[in-house]
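Residue numbers (the numbering used here), protein chains in the order written: chain A, 14 to 215; chain B, 14 to 215; chain C, 14 to 215; chain D, 14 to 215. One structure is given below, encoded as structure tokens.
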């Protein structure tokens, strides 16, 4: 299969998922008892989770492109690993809504936060699995020759990229706000130039 | 019409349909009486149906690409058969939600399961019809020469690909869990390398 | 602006709109009083309106591509007319839901049917306006030379293509079922080879 | 990263956002007490906000393409600024729904209108930031040489493009209808040929 169509399909799935995130911004009921200002203000977890998830999906899109730029063709395993990665991305609007709706709830706060960061963890693990398959197994599919040392460096960085999400998931045992803060910090960190998991210079 | 635009349109429709599947993962009501853990656990049919449908649509996308790779141009009949195939794919988020919401219901379990696997059956029949038209009727549209023996093999495999979904629909008469299990097994089976209905080596 | 990006954007908008049509297929409430079989059967207007609208949008997509195939570049007016056409397409999931929900209602049947076919009428008028602009005003944008006689034939066919939807809108004064039947008949008619409003041989 | 994929992804996100606008057109409840005609008529703020937002997003899409046409390649900052711009576009279906649902409400009218035009303001500021980065910082990415005078003209026009949305936001202090009217006027104005913020002749 040509690389062009896997890119087009992935772009479309990621674009729909990132746009569906906004469906979790709710218009307060005009017939409700509290004022609109209060209704909008009480939704701050929705805004925070929206921005964090949007940025994270945006960065995974950048990294996805950088990863595919390395290869010239795709095999069946890449197609399946890419579907797995897209599945984890499609789940994010759901886990983002869960995080937002339960952050200030009386019960379920910690579980919702754990599910939220775990969904990022799964996404980064799926990304890592695809990256690993690309770099290890299939030299003839690669666009350019990578020295073993460069491969190791890229894989190591990818592996470390999953670790903070595991920590954020554990942090949910303490408080969900810490989980959200870690995820937000990671989104900012990965958005900085030179810190994406698969950059040109790698 | 150029092949590029039918691919682009099909990719976009399939991408939206596969992403909309996740709209059927519901955030339990924070004001509800049961705990979040229980609320999430009780949704297991939704997760199962989501993964099965996501994988099945992902595989049909791979097969769709492989099918179109064979041709150089499209005629009016291909456009219509492709629209029919896309229609059956667009219906899947609905039948998936039906399956998930009724799997543990007191009434309608078997009907919901039958509708679910029947929607896969229709999808595979639409795929078969398009494949058949491509291989039989329009030699001048084909990218490469296929021996009659290869054509027969591809068509036979496609025809057999629909049969298990007919069985899964009948299995709903026994129990909906069997239907779901068969559909899940088929998704795993078709995801294996070399078992897609229209592979390179065909 | 290059033709490629107006095609890509239009394809994406039409793909999303055609897929959103399926959101109007509702899963009957498992806790409801009537059986699932009855709940699904009572939704037949939703299935009928879904299939009619899906086919109509699919045909407009085919015609849209055929229309753009004629030109080499786009000007500002084409961009605006294309946006107008896309707006009328984006409205269709709403008018389709309106038709489906009111076909068997006690009140509003005729109005809903009139709005439904009027939305098709607007779509075909927007298509006609774009076609007319392409064929009349901008000879230097055209890919191939069209004789005045061919232009007239294409435009006449497009103009007549709008007329049946005006009739279907009027038919709503009699009964909404007639409107739906006319729209269904038109979808079948336009799907026949050689009857699309802008075919290769035109 | 190639320009092609940032265009494809942006097109897809904008296409989904523009189509989701129509989800805010509601089918009146058939079991409701008022007639369908009245139910549809009372939704006029939804139609008005839909058309204004649709046109505005359509114009930003045209301008986005014109902006990217200038460059040959993208750097990390462009990717991030583009994500920021897409984020502001994804929020528009929410703020459009807010405007529509509160325009005739007893409370919150002015706040909803202010949020609505503020969301356009943010979008135009994100567009301006991206334009500025493209024109100022990265001469080696540019497709064609622009004289300093042309750059200044484009930037000045972009800066002025944000101003009316700031005014529309302030106008919400007076009445939300004025805000809606200004936003509608701007959509019409920018749709006129030669008034887009980044045209070929710039």
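Think of the CB as a built atom: it goes at the ideal place given N, C-alpha and C, for glycine as much as any other residue.
- If the five residues before and after residue 147 of chain A are omitted, its C-beta is found closer than 8 Å to the C-beta atoms of 80, 83, 84, 91, 154, 155, all from its own chain and listed in chain order.
- At least one C-beta of chain A is nearer than 8 Å to the C-beta of residue 206 of chain B.
- Distance between residue 121 of chain A and residue 41 of chain B, taken at the CA atoms: about 10 Å.
- Looking at the DSSP output, residue 84 of chain D sits in a beta bridge with D:155.
- Taking a C-beta cut-off of 7 Å against chain C, the contacting residues of the region 100-126 of chain B are 100, 103, 104, 106, 107, 110, 111, 114, 115, 118, 120, 121, 124, 125, listed in chain order.
- Straight across, the Cα-Cα distance linking residue 58 of chain B with residue 165 of chain A is about 40 Å.
- A Cβ-Cβ distance of about 6 Å is found for the pair residue 34 of chain B and residue 109 of chain B, placing them in contact under the 8 Å criterion.
- Nothing from the region 60-80 of chain C brings a Cβ to less than 7 Å from some Cβ of chain D.
- Across the region 163-180 of chain D, no CB contact with chain A closer than 7 Å is found for any residue.
- In the DSSP assignment, residue 23 of chain B falls within the alpha helix (DSSP H) that extends over 16-33.
- Between residue 179 of chain B and residue 192 of chain B, the C-beta gap is not smaller than 8 Å, which leaves the two residues out of contact.
- Judged by DSSP in its simplified three-state form, residue 171 of chain D adopts helix.
- Residues of the region 128-148 of chain D with a C-beta atom less than 8 Å from some C-beta of chain A are 128, listed in chain order.
- The CB of residue 38 of chain D comes closer than 8 Å to the CB of 104, 107 in chain C, given here in chain order.
- Near chain A, meaning a CB-to-CB distance below 7 Å, the residues of the region 16-28 of chain D are 18, 21, 22, 25, 26.
- In this structure residue 44 of chain A is exposed. Its beta-carbon is surrounded by fewer than 16 other beta-carbon atoms within 10 angstroms.
- Between residue 37 of chain C and residue 139 of chain C, the CB-CB gap reaches or exceeds 8 Å.
- Listed along chain A are 32, each with a C-beta nearer than 7 Å to that of residue 30 of chain D.
- Sequence-distant partners of residue 137 of chain B (beyond 5 residues in either direction) whose C-beta falls short of 7 Å from its own C-beta, in its chain, are 174, 175, 178.
- Here residue 102 of chain A is actually not in contact with residue 103 of chain D; their C-beta atoms are around 15 Å apart, not less than 8 Å.
- Residue 65 of chain A carries a helical assignment under DSSP once its states are collapsed to helix, strand and coil.
- At the C-beta level, residue 125 of chain B and residue 115 of chain B come within 8 Å of one another.
- Residue 186 of chain D is outside the set of residues whose beta carbon lies under 8 Å from a beta carbon in chain A.
- Taking a beta-carbon distance threshold of 8 Å, residue 183 of chain D does not count as an interface residue toward chain A.
- Of B:197, B:111, B:200, the smallest CA-CA separation from residue 53 of chain C is found for B:111.
- Beta-carbon to beta-carbon, residue 25 of chain B and residue 25 of chain C are separated by about 5 Å, close enough to satisfy the 8 Å threshold.
- Contact check for residue 144 of chain B against residue 168 of chain B passes: the beta carbons are separated by less than 8 Å.
- Using beta-carbon distances, residue 49 of chain D counts as an interface residue toward chain C, with a partner under 8 Å.
- Put simply, the CB of residue 43 of chain B is near chain A, with a gap under 8 Å to one of its CB atoms.
- Sequence-distant partners of residue 128 of chain A (beyond 5 residues in either direction) whose C-beta falls short of 7 Å from its own C-beta, in its chain, are 108, 111.
- When secondary structure is reduced to three states using DSSP, residue 48 of chain B falls in the coil class, being assigned neither helix nor strand.
- Taken atom to atom, the span from the alpha-carbon of residue 160 of chain C to that of residue 27 of chain A is near 45 Å.
- The Cβ neighbour count for residue 68 of chain C, taken over all protein chains shown within 10 Å, is at least 16; the residue is labelled buried.
- At least one CB atom of chain D sits nearer than 8 Å to the CB of residue 92 of chain C.
- Take the alpha-carbon of residue 21 of chain A and the one of residue 70 of chain B: they are about 16 Å apart.
- Within 10 angstroms of the beta-carbon of residue 199 of chain B lie 16 or more other beta-carbons, which makes it buried.
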